[in-house]
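Let me begin by presenting the structure, written as structure tokens, before commenting on it.
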Amino acid sequence: MAFDFILPDLGEGIAEAEIRKWLVKQGDLVKEHQSVVEVETDKAVVEVPSPKGGTVLRISREEGETVKVGEVLLIIGEAGEKTEAPRAAVEKPKPAERPKSVTVIGELPEEEEEVKPAVAARPKPAPAVQVEKQGAGFLAAPAVRAFAKEKGVDLGKVKGSGPGGSVSREDVQKAMKQPARADEETVVERIAIRGVRKAIAKNLLLAQKTTASVTETDEADITALWEIRASQKKVLEEKGVHLTFMPFIIKAVQHTLMGFGSFNASVDEEHEEIMIKKFYNIGVAVDTPDGLIVPVVRNVEEKTIRALAVELQDLSAKARERTIRLDDLKGSTFTITNYGAFGAVFATPIINYPDVAILGTGKISDKPRINEGQ
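Spelled out as structure tokens, the structure:
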């Protein structure tokens, strides 16, 4: 019997994911627990395994589409087994209520909304997908509108090939392949807010709304630290470990937090309590092509500088490659961000919610120093 393989609950409150790459194609034989699709969440890129084995009868979604948890990804069954038609092709949306999972581009007064059948009336017609008419005069089904919005395609500029000039999914896909035309006055680039970019925006906005932040800046003489790192750097590089200043900073932060526990805490808003934590999980902001990702180095108090260097190198590489595990991105008690890597001396970093504090490190530079009046 055919089995609908849905997008499973990926944890961490993730409600949707974007399909990055299919690892199988229609007709392939898959084994139980074999990875069949690579998806991108707002945390990381993960491969999703199939809970059952069998033949891929149909792939229901395309690469680049955003799928909600619980929606069908593909259908698995026995070779030659017939499957039902896709739901979008047979279900008729209720005219009085738009589907909750679809965002319709634009709004119309009720008296201007118009619903037209996809084909001329015939005796006992088959159910047809309803289409809506936009103020500009084009027709498109809600699912097509949602797909066009997701891909950044202006339906007003797409020539419909369907009945009555309605725009189909294929018309949108065709428009995506055509070179964009520049407006006479200006050119606007539209970038979809999804995945990591969406998560960063949401988390930083939450931090801004829930914390009354204040910034304190200071300078530190790291001459001794520079010498210690220089003495150990070559030894570790021979073993494949790149020693930066960050492991030393992480360790210094851990020792400082042991004496100032209120900075290693979070707020339980429901019970109106401050939770001071006796363990030290330090998040380190890593710059990636998709934005800042904050992997977490756990139980810093139990690790040496060398162990921290090895773990940090591994986590940073996985963050940039988007292969990092979701568990490695949660549970921080304090965060460090190094804006000195971009040449900045001072900045005002945003707290990584639900942490209550963050340390920003600036550019290292040579400066004259007054020592005992000289």
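Heads up: the sequence shown at position 320 corresponds to 347 in the working numbering, and the numbers run straight through without jumps. Heads up, the beta-carbon is just placed ideally off N, CA and C, and yes, glycines get one too.
- In this structure, DSSP gives residue 44 an extended state, which the three-state scheme calls strand.
- Under the 8 angstroms Cβ criterion, the region 328-336 does not count as touching the region 353-362, having fewer than three qualifying pairs.
- Look at the beta carbons and you see the region 391-400 not touching the region 340-348: under three pairs across the two are nearer than 8 angstroms.
- About 6 angstroms separates the Cβ atoms of residue 84 and residue 29, confirming a contact at the 8 angstroms cut-off.
- Excluding residues up to 5 positions away in sequence, 33, 34 lie with their Cβ nearer than 7 angstroms to the Cβ of residue 98 in the same chain.
- Note on geometry: alpha-carbon atoms of residue 266 and residue 323 lie some 23 angstroms from one another.
- Only residues of its own chain outside the window of five on either side were considered, and among them 288, 292 have a CB closer than 6 angstroms to the CB of residue 303, listed in chain order.
- For residue 274, the uninterrupted alpha helix (DSSP H) run begins and ends at 273-286, by DSSP.
- Between residue 232 and residue 336 a beta carbon distance of about 33 angstroms is seen, past the 8 angstroms cut, so the two are scored as non-contacting.
- Between residue 234 and residue 391, the CB-CB gap reaches or exceeds 8 angstroms.
- Of 301, 308, 261, the smallest CA-CA separation from residue 282 is found for 308.
- Residue 251 and residue 50 have their C-alpha atoms spaced approximately 52 angstroms apart.
- Rounded to the nearest angstrom, the Cβ distance from residue 227 to residue 319 is 6 angstroms, consistent with a contact under 8 angstroms.
- Looking at the backbone, the Cα of residue 190 and that of residue 86 are separated by about 26 angstroms.
- For residue 262, the enclosing alpha helix (DSSP H) starts and ends at 250-264.
- Residue pairing of residue 76 in beta bridges, as defined by DSSP: 62.
- Assignment of residue 293 by DSSP, reduced to helix, strand and coil, places it in the strand class.
- Taken in chain order, the complete alpha helix (DSSP H) segments of 4 residues or longer contained in the region 174-210 are 196-204.
- Counting of Cβ neighbours within 10 angstroms places residue 56 among the exposed residues, the total staying below 16.
- Between residue 240 and the set 372, 386, 317, the nearest pair of CA atoms involves 386.
- Beta-carbon to beta-carbon, residue 45 and residue 221 are separated by about 6 angstroms, close enough to satisfy the 8 angstroms threshold.
- With 16 or more other Cβ atoms inside 10 Å of its own Cβ, residue 180 counts as buried.
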